[in-house]
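Participant:
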Amino acid sequence: MGQFNTLFRQSIEQPEEFWANAAEGIDWIKKWDKVLDASNPPSYRWFRGAELNTCYNAVDRHVEAGRGEQTAIIYDSPVTDTIRKISYRELQTEVAKFAGALKSQGVTKGDTVIIYMPMIPEAAVAMLACARLGAVHSVVFGGFAASELAIRIDHAQPKVLVTASGAVEGKKIIAYKPLVDRAIEQSDHKPEKCIVFQRDIITAEMQEGRDLDWQELTATSEPADCVAVAATDPLYILYTSGTTGMPKGVMRDNGGHAVAIHWSMKNIYNIETGDVFWSASDVGWVVGHSYIIYGPLLKGATTIIYEGKPIGTPDAGAFWRVISEHKVKVLFTAPTAFRAIKKMDPTGSLLGQYDMSSFEALYLAGERLDPDTYHWASDLLKVPVIDHWWQTETGWSIVANCRGIEEMEVKAGSPTLPVPGYDVRIVNDDGKELPAGEEGNIVIKLPLPPGTLAALWRNEERFISSYMKTFPGFYETSDGGYIDKDGYVFVMGRMDDVINIAGHRLSTGAMEEVIATHPDVAECAVIGTDDQLKGQLPLGLFVLKAGVERKVDEIQNDLVKMVRNEIGPIACLRETTMVERLPKTRSGKILRGTMRSIANGKPYNMPSTIDDPTSLEEITGALGNMGYPKQ
Numbered sequence: 001m002g003q004f005n006t007l008f009r010q011s012i013e014q015p016e017e018f019w020a021n022a023a024e025g026i027d028w029i030k031k032w033d034k035v036l037d038a039s040n041p042p043s044y045r046w047f048r049g050a051e052l053n054t055c056y057n058a059v060d061r062h063v064e065a066g067r068g069e070q071t072a073i074i075y076d077s078p079v080t081d082t083i084r085k086i087s088y089r090e091l092q093t094e095v096a097k098f099a100g101a102l103k104s105q106g107v108t109k110g111d112t113v114i115i116y117m118p119m120i121p122e123a124a125v126a127m128l129a130c131a132r133l134g135a136v137h138s139v140v141f142g143g144f145a146a147s148e149l150a151i152r153i154d155h156a157q158p159k160v161l162v163t164a165s166g167a168v169e170g171k172k173i174i175a176y177k178p179l180v181d182r183a184i185e186q187s188d189h190k191p192e193k194c195i196v197f198q199r200d201i202i203t204a205e206m207q208e209g210r211d212l213d214w215q216e217l218t219a220t221s222e223p224a225d226c227v228a229v230a231a232t233d234p235l236y237i238l239y240t241s242g243t244t245g246m247p248k249g250v251m252r253d254n255g256g257h258a259v260a261i262h263w264s265m266k267n268i269y270n271i272e273t274g275d276v277f278w279s280a281s282d283v284g285w286v287v288g289h290s291y292i293i294y295g296p297l298l299k300g301a302t303t304i305i306y307e308g309k310p311i312g313t314p315d316a317g318a319f320w321r322v323i324s325e326h327k328v329k330v331l332f333t334a335p336t337a338f339r340a341i342k343k344m345d346p347t348g349s350l351l352g353q354y355d356m357s358s359f360e361a362l363y364l365a366g367e368r369l370d371p372d373t374y375h376w377a378s379d380l381l382k383v384p385v386i387d388h389w390w391q392t393e394t395g396w397s398i399v400a401n402c403r404g405i406e407e408m409e410v411k412a413g414s415p416t417l418p419v420p421g422y423d424v425r426i427v428n429d430d431g432k433e434l435p436a437g438e439e440g441n442i443v444i445k446l447p448l449p450p451g452t453l454a455a456l457w458r459n460e461e462r463f464i465s466s467y468m469k470t471f472p473g474f475y476e477t478s479d480g481g482y483i484d485k486d487g488y489v490f491v492m493g494r495m496d497d498v499i500n501i502a503g504h505r506l507s508t509g510a511m512e513e514v515i516a517t518h519p520d521v522a523e524c525a526v527i528g529t530d531d532q533l534k535g536q537l538p539l540g541l542f543v544l545k546a547g548v549e550r551k552v553d554e555i556q557n558d559l560v561k562m563v564r565n566e567i568g569p570i571a572c573l574r575e576t577t578m579v580e581r582l583p584k585t586r587s588g589k590i591l592r593g594t595m596r597s598i599a600n601g602k603p604y605n606m607p608s609t610i611d612d613p614t615s616l617e618e619i620t621g622a623l624g625n626m627g628y629p630k631q
């Protein structure tokens, strides 16, 4: 580990020198006055005084370097039977035109724009067009419930909202425009304009005076040039999944983001200019921002925008078909995708139909990679299967096997070693560092490297209280785990009540808020249960109010529909059960962690603060009647 250790030590001991060297991979309009501004801890800022444009670095500079005819984006949509290749020159033209369209509607540097789009090239065009103008984009996962979109509209306060007429989900066509209309009706802030990309599969009804047709608008708009922005100016806001009430909007700045994400493409994923890189995620998530759009394009690689699923479009060989047809070098997806493929094609027989000679490595993230899935994928594909761990807040890997520097031995269950720039420690609840092998809170010594969250949008106080207050001098990841004697990090799960469904973090508290509004429900709890396919699924437990005479199954159906409508189908709440009471501490805190252990068949100690031990016996019986713990 000589080369890796040397780089890692430099990144921790000489961070300014390390990141100044990495910053040479980016084109700057003006170089920085200071690599690291540490004058206002814990709010550190990178490349203070520098100016650049992220869109220029992702698009224009590749055209100017003579690679305009190289494919920038491959749009592969089995659900609409479409494959389209877009060169860097064509992308430059489309982005400049749409930036001109936004500019014609008054969007300027510093304005916010919400993008609510399916997996189509226009989503990338909209994001890059915002970056071109110095506007701040906030992408909301297409299909999110209207109420969730409304919360984000009120918080981000966009001048313009960009959407499409709809998307294909399974065998259904989902109309986006009615969701957008309802969200704008519910929100206090009203975007001045709504730009709608009309798709062939569905036509949106337009509201006169507010709604504009994407195609008509870009046909007459003047192309816009790149606008210089400060390295510390915001590039985008991304709201953490499952947020209700006051959203937690992660803000990423331009300079640190461009440097770190560009650096990661070669050093973590071993991607060179011209390689084909495929991240099978969605632009609405952080993976989509970092590794569908910005990372591959900053590197000058070819990225794939895939509008489909790992199975059912048309079968469990869908991923192999895309890799074979487009000569993919590296695939990045969630373990859930591979569990779904394994379920439908357990022997991997469909793989034999495709030429996988271009394929070098599989990267998995978004949830813990269980050893069974790791071994199945590794045995089937005969290429390195690389687990890596990071968060919406960090924007790129905290712990990974950095194949572009030096490939390490894999240990099943571990995403390997901390990435250069991340000083990862394990501490107890009092902040004392723990020895190797002992489990505790995973924290990162400040300053965080470039590309991580610079702040929470419009909420500096919450930024500090959420991440920096519990362990002064450290970033709190809210994950637990341990570091072994070889320095390998093992991430064991969340320390709070956030569950991970198919790679998407969702708050059980948000689901409880919805269930609690049912007129027949007195109190409730939602816990995460282990699921072989999706990693985790929510299970709702509720106590009825006295005197309720409705049938329990009718109430259960109500609760499933309510969560689906308020949070969206991605919440996957399908199982609920009525209980006589919920186990609590004497202070009234519901023992969610203990119930989670019972449901998942894990050992637990009777909490010393429990109010009535027999309440746990009742819960054990109720869960047993539902088949928990499930094998």
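According to UniProt numbering, the residues represented by the sequence shown are 1 to 631, in order.
Even glycine gets a Cβ: it sits at the ideal position worked out from N, Cα and C.
1) Can you tell me the Cβ-Cβ gap for Gln215 and His189, rounded? I've got them flagged as a contact below 8 Å.
2) Throw me the rounded Cβ distance for the Leu582 and Ala525 pair, which I believe falls under 8 Å.
3) Give the DSSP bridge partners of Pro538, in chain order.
4) Taking all protein chains shown into account, do 16 or more other C-beta atoms lie within 10 angstroms of the C-beta of Pro613, making it buried, or fewer, making it exposed?
5) Going by DSSP in three states, Phe338 sits in which element: helix, strand or coil?
6) Is DSSP giving Phe144 helix, strand or coil here?
7) Tell me, which residues are paired with Glu17 by DSSP?
8) Can you find at least 3 beta carbon pairs, one from the stretch 526–533 and one from the stretch 104–122, that sit closer than 8 Å?
9) Using 9 Å as the threshold, is the C-beta distance between Gly528 and Arg596 below it?
10) Sorted by chain position, which residues of the same chain lie with C-beta nearer than 8 Å to Gln536's C-beta, five sequence neighbours on each side aside?
11) Short check: CB of Leu212 to CB of Val196, under 9 Å?
12) By a C-beta neighbour count over all protein chains shown, 10 Å radius and 16 as the cutoff for buried, is Ala454 buried or exposed?
13) In whole angstroms, what separates the C-alpha of Ile261 from that of Pro519?
14) Using 8 Å as the Cβ pair cut-off and three pairs as the minimum, do the stretch 411–422 and the stretch 389–399 touch?
15) Would you call Ile83 buried or exposed, if buried means 16 or more other Cβ atoms sit within 10 Å of its Cβ?
16) Identify whether Ala50 lies in helix, strand or coil by the three-state DSSP scheme.
17) Taking all protein chains shown into account, do 16 or more other C-beta atoms lie within 10 angstroms of the C-beta of residue 690, making it buried, or fewer, making it exposed?
18) Looking only at its chain, what residues have a beta carbon closer than 7 Å to the beta carbon of Lys343, apart from the 5 residues adjacent to it on each side?
19) What first and last residue would you give for the alpha helix (DSSP H) that runs through Leu179?
20) If we require 3 or more residues per run, which beta strand (DSSP E) segments fall completely within the stretch 254–288?
21) If you check the beta carbons only, do Ile567 and Glu148 fall under 9 Å apart?
22) Distance check for Tyr269 and Val63, CA to CA, integer angstroms please.
23) With Met595 as the anchor, note down where its alpha helix (DSSP H) starts and where it stops.
24) Would you grab the beta carbon distance between His289 and Ile74 for me? Rounded to a whole angstrom, and I think it's under 8 Å.
25) List in chain order: all unbroken beta strand (DSSP E) runs of 3+ residues lying wholly within the stretch 469–510.
26) Might you give, ordered along the chain, the residues of its own chain that have their beta carbon closer than 7 Å to the beta carbon of Gly66, omitting 5 neighbours on each side?
27) Where Gly547 and Gly540 are concerned, what is the direct C-alpha to C-alpha distance, given to the nearest angstrom?
28) From Phe542, Val136, Ser466 and Gly480, pick the residue whose C-alpha is nearest to that of Pro42; which is it?
29) With a CB to CB cut of under 6 Å and the five nearest residues on each side skipped, what residues in its chain are close to Ser104?
30) When DSSP labels each residue in this structure, what does Pro121 get in the three-state scheme?
31) If we ignore side chains and look at the alpha-carbon of each, how far apart do Asp282 and Val514 end up?
32) Label Arg472 either buried or exposed according to how many other C-beta atoms from any shown protein chain fall within 10 Å of its C-beta, with 16 as the threshold for buried.
33) Just list the residues that DSSP pairs Arg152 with in beta bridges.
34) I need the boundaries of the alpha helix (DSSP H) containing Lys97, first residue and last residue.
35) Terminal residues of the continuous alpha helix (DSSP H) containing Met578?
36) At what residues does the beta strand (DSSP E) containing Ile29 begin and finish?
Facilitator: Reading off the structure:
1) With a Cβ gap of about 27 Å, Gln215 and His189 do not count as contacting.
2) 6 Å
3) Gly528
4) In the assembly as shown, Pro613 is an exposed residue. Its beta-carbon has fewer than 16 other beta-carbons within 10 Å.
5) helix
6) Reduced to three states, the DSSP call for Phe144 is coil.
7) Answer by DSSP bridge pairing: none, since Glu17 is not bridged.
8) no
9) The answer is yes: Cβ separation under 9 Å.
10) Glu367, Ile499, Asn500, Ile501, Gly528, Thr529 and Asp530.
11) yes
12) buried
13) 48 Å
14) With the cut-off at 8 Å, the stretch 411–422 and the stretch 389–399 touch.
15) Exposed is the call here.
16) coil
17) Shown here, the chain extends from 1 to 631; a query on residue 690 therefore has no answer.
18) Leu533
19) Lys177 to Gln186
20) Those beta strand (DSSP E) runs which fall completely within the stretch 254–288 and span 3+ residues are 276–279.
21) yes
22) 24 Å
23) Arg592 to Ala599
24) About 18 Å separates the two Cβ atoms, so there is no contact after all.
25) Listed in chain order, the complete beta strand (DSSP E) runs (minimum 3 residues) inside the stretch 469–510 are 474–483, 489–494, 498–501 and 504–507.
26) none
27) Their Cα atoms are separated by approximately 21 Å.
28) Among Phe542, Val136, Ser466 and Gly480, the Cα nearest to that of Pro42 is on Ser466.
29) Ser221
30) helix
31) Cα to Cα, the separation comes out at about 26 Å.
32) The amino acid at residue 472 is misidentified as Arg; the sequence shows Pro. By the neighbour-count criterion, in which 16 or more other beta carbons inside 10 Å mark a residue as buried, Pro472 falls on the exposed side.
33) Answer is none; Arg152 lacks a bridge partner.
34) Tyr88 to Ser104
35) Segment Glu575 to Met578 is the beta strand (DSSP E) holding Met578; no alpha helix (DSSP H) there.
36) Unbroken run through Ile29: none, as it is neither H nor E.
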